[in-house]
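Q: Just so we're aligned, residue 33 is where the sequence shown starts under our numbering, counting upward by one.
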Amino acid sequence: MVAPPIASAEVELDGVISAGEYDHSTVFDTDQFYLHWTIKDDRIFIGIRAATTGYVGLGLEPKDELLNLDIIYGRVTAGPTVEVRDTWSSTRTGPAAD
Numbered sequence: 033m034v035a036p037p038i039a040s041a042e043v044e045l046d047g048v049i050s051a052g053e054y055d056h057s058t059v060f061d062t063d064q065f066y067l068h069w070t071i072k073d074d075r076i077f078i079g080i081r082a083a084t085t086g087y088v089g090l091g092l093e094p095k096d097e098l099l100n101l102d103i104i105y106g107r108v109t110a111g112p113t114v115e116v117r118d119t120w121s122s123t124r125t126g127p128a129a130d
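This is the structure in structure tokens:
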């Protein structure tokens with residue numbers, strides 16, 4: 033279920049998702065994956081909170097399983113250090129660095 037837009041504060045790129053920071057949000061997989069987003073001009077700001085011990089990913093699929101698919105995934109490592117990768121899948125075999 034997608035929540036209706038709310039008046040958001042500016043999105044702060046600090047690794048913390050604050051109440052009201054994003055204009056839209058939705059929840060997947062029985063409260064295991066929270067997706068928040070705000071569109072400003074030609075940019076989209078995305079915040080993800082997920083129950084995971086590995087990585088989290090978001091795939092934007094136009095039509096055909098992994099073919100011409102833009103994939104963004106990331107993880108938090110020791111430190112903590114955040115790593116985010118932007119990849120593109122031009123075949124059904126999976127992503128390559130973008």
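Heads up, the beta-carbon is just placed ideally off N, CA and C, and yes, glycines get one too. Please read all numbers here as calculations on a predicted model, not as lab measurements.
1) Counting only the same chain and skipping the five closest in sequence on each side, list residues whose C-beta sits under 8 Å from that of E97.
2) With a Cβ-Cβ cutoff of 8 Å, do T85 and F77 count as a contact?
3) Could you name the residues of the same chain whose beta carbon sits closer than 6 Å to that of A83, not counting the 5 residues immediately before and after it, in chain order?
4) If I follow the unbroken beta strand (DSSP E) through E115, where does it start and stop?
A: On the basis of the data shown:
1) The answer, listed in chain order, is R124.
2) no
3) Q64
4) Its beta strand (DSSP E) spans residues 113-121.
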